[in-house]
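Enquirer: Last residue of the sequence shown? That's 437 in my numbering, and every number before it is there in order.
The beta-carbon is built from N, C-alpha and C at its ideal position, and this holds for glycine as well.
Next up is a structure, given as structure tokens.
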Amino acid sequence: KGVARVESSLTRARASIKRAASLPNSTHTNIYRHAPAFYRSYAEMEKRFKIFVYPEGEPPLVHWGPCRSIYSTEGLFIQQVELAGSPFVTSHPEEAHVFFLPFSVTMMVKFIYKPKIYEMPTVRVFVKDYIDGVAAKYSYWNRSLGADHFMLSCHDWGPITSVANPFLYNNSIRVLCNANSSEGFNPVKDASLPEMNLITEKYRFGGRPGLERSILAFFAGGEHGPVRPLLFKHWLGRDSDIQVHQYLPKGTKHDVHDTYLHYMNNTKYCLCPSGYEVASPRIVEAIYSECVPVIISDHYVLPFSDVLNWESFSVFVPPSQIPNLKNILQSIPIDTYVQMHNNVKQVQKHFLISQPPKKYDMFHMIIHSVWLRRLNIIVQK
């Protein structure tokens, strides 16, 4: 009965979204791939979607996560599902459309990873044992072979940790910051998670008006990964228009943060090169600073890209084109830049962290990404 009721609800939602997808796209904004379909899908999600969070496990490895680091989105999502009394969460698994595996890869790496043992078997063993435990206690994992279950991780090792269980890797919805399509990330069933480095409770938004920004492009960060050495080779300290820094002037952490924000708030195009892995927290930082992101990456599936039209508010530069960066950016017409800058301001609401969560914020967009992937699945009784 439970499965039939859940699937019937999803059938009605699919039909409603399909009708909306046949409507003309709205002309007042182009930040969405198809605005009517998105708004209808979001409304159906609010009306119907239910998540069952497995109660098994103890903090800090389960039901907990980092909220003050480069992996903040992992901890904030777990916290908001666990503590905020989310209307999407049900305590009745028979009502659930999806089942959340609430372990934190970041906390596992912190507390149980043994650095001298290659390929972190302790982390994988924990994930394998956790799934084996819920599969033995409940019928839901075996019913769908994990297809209506999801994990969420912002740690670089999230994808490789999921190899611990072949059904988790191949069938389940994996919500990952490290969304690399050349390393097994499948955008049909997996969802890209925004990476952000939340330093303080409050983040300042905005910056100078677009045409008053004096710096063409800016980046500051470490020289790691395959892309950034190319950026430093061609642009480090070479051009006042393309401001590339490995380190900002020394000072207190607060001073350096303020200097960084000053640059971001006075820059037209914020460079977002991949680091060790494809994702970069600079994309969200750029959006907060109302600076047009320049995505310099190969194989990166961007967050919410099944809904958001990233081409309308960002620039894509393949790493091979780094030597031509200045020409590429200077060739963008002023009118196009102004429109992209305005679109960045419009899309900002989808990347905000709210306590408690607010309509259309990052938490809800992550939930919506899971909802869309659940719509692709039919679970048989």
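Please report the Cβ distance between N253 and S125, rounded to the nearest whole angstrom; I am assuming they are in contact, meaning their Cβ atoms lie under 8 Å.
Expert: That belief holds up - the Cβ atoms of N253 and S125 are roughly 7 Å apart, short of 8 Å.
Enquirer: Return the residue from the list F369, L132 and A276 that minimises the CA-CA distance to D391.
Expert: The residue with the shortest Cα to Cα distance from D391 is F369.
Enquirer: Is P375 helix, strand or coil when you go by DSSP?
Expert: P375: helix per DSSP, three-state reduction.
Enquirer: Roughly how many angstroms separate the alpha carbons of G141 and F155, rounded to a whole number?
Expert: If I take the Cα positions, the gap works out to 16 Å.
Enquirer: Measuring straight from C-alpha to C-alpha, what distance separates E257 and I352?
Expert: Its pLDDT being 49, under 50, E257 is placed unreliably in this model, and the coordinates cannot settle the point.
Enquirer: Would you mind stating whether Y273 and V394 have Cβ atoms separated by less than 8 Å?
Expert: Sequence check: residue 273 is Ala here, not Tyr. Their beta carbons are not under 8 Å apart, which means A273 does not touch V394 by this criterion.
Enquirer: From the DSSP output, in three-state form, read off N399 for me.
Expert: It is helical.
Enquirer: A191 to T178, Cα distance in whole Å?
Expert: So the alpha carbons of these two residues sit roughly 20 Å apart.
Enquirer: Tell me whether Q135 sits in a helix, a strand or coil according to DSSP, three-state version.
Expert: Here Q135 sits in helix by DSSP.
Enquirer: By Cβ distance below 8 Å, which residues in the same chain neighbour F288 in space, the five residues on each side in sequence not counted?
Expert: Once the five neighbours on either side are set aside, the close Cβ partners of F288 are E279, V300 and Q302.
Enquirer: For T323, which of helix, strand or coil comes out of DSSP?
Expert: T323: strand per DSSP, three-state reduction.
Enquirer: If you count every other CB in all the chains shown that lies within 10 Å of the CB of T67, and 16 or more means buried, which is it?
Expert: By the neighbour-count rule (16 or more Cβ atoms within 10 Å), T67 is not buried but exposed.
Enquirer: Count the other CB atoms, across all protein chains shown, that sit within 10 Å of the CB of F167; report buried if there are 16 or more and exposed otherwise.
Expert: Under this definition F167 is an exposed residue.
Enquirer: Alpha carbon to alpha carbon, what distance is there between P375 and I423?
Expert: Cα to Cα, I423 sits roughly 32 Å from P375.
Enquirer: For Q377, is the classification buried or exposed, using 16 other Cβ atoms within 10 angstroms of its Cβ as the cut-off for buried?
Expert: Classification for Q377: exposed.
Enquirer: Just to confirm, is the Cβ distance from W120 to M163 under 8 Å?
Expert: Yes; because the gap between Cβ atoms is below 8 Å, this pair is in contact.
Enquirer: In terms of alpha-carbon separation, which member of H148, D185 and P111 lies closest to E138?
Expert: Ranking the options by Cα distance to E138, first place goes to P111.
Enquirer: May I ask you to list the residues that DSSP assigns as paired with R230?
Expert: R230 pairs with M207.
Enquirer: On a Cα-Cα basis, can you pick out the residue from P92, A99, A69 and V312 that is closest to K415?
Expert: When only C-alpha atoms are compared, the closest one is A99.
Enquirer: Mind checking which residues open and close the alpha helix (DSSP H) that includes I216?
Expert: Counting along the chain, the alpha helix (DSSP H) containing I216 begins and ends at G214 to T217.
Enquirer: Could you check whether K437 and V59 sit closer than 8 Å to each other, using their CB atoms as the reference points?
Expert: Going by C-beta atoms, V59 is nearer than 8 Å to K437.
Enquirer: Taking only the alpha-carbon atoms, compute the straight-line gap between I271 and S387 and give it to the nearest angstrom.
Expert: So the alpha carbons of these two residues sit roughly 15 Å apart.
Enquirer: Taking DSSP as the reference, what is the three-state secondary structure of H84?
Expert: If DSSP states are grouped into helix, strand and coil, H84 belongs with coil.
Enquirer: Between the stretch 195 to 206 and the stretch 220 to 236, do three or more beta carbon pairs fall short of 8 Å?
Expert: Taking 8 Å as the limit for Cβ pairs, the verdict is that the stretch 220 to 236 does touch the stretch 195 to 206.
Enquirer: Measuring alpha carbon to alpha carbon, tell me which residue in E333, I87, N242 and R338 is nearest C326.
Expert: Ranking the options by Cα distance to C326, first place goes to R338.
Enquirer: Under DSSP, the alpha helix (DSSP H) around L286 begins and ends at which residues?
Expert: Note, L286: alpha helix (DSSP H), R284 to W291.
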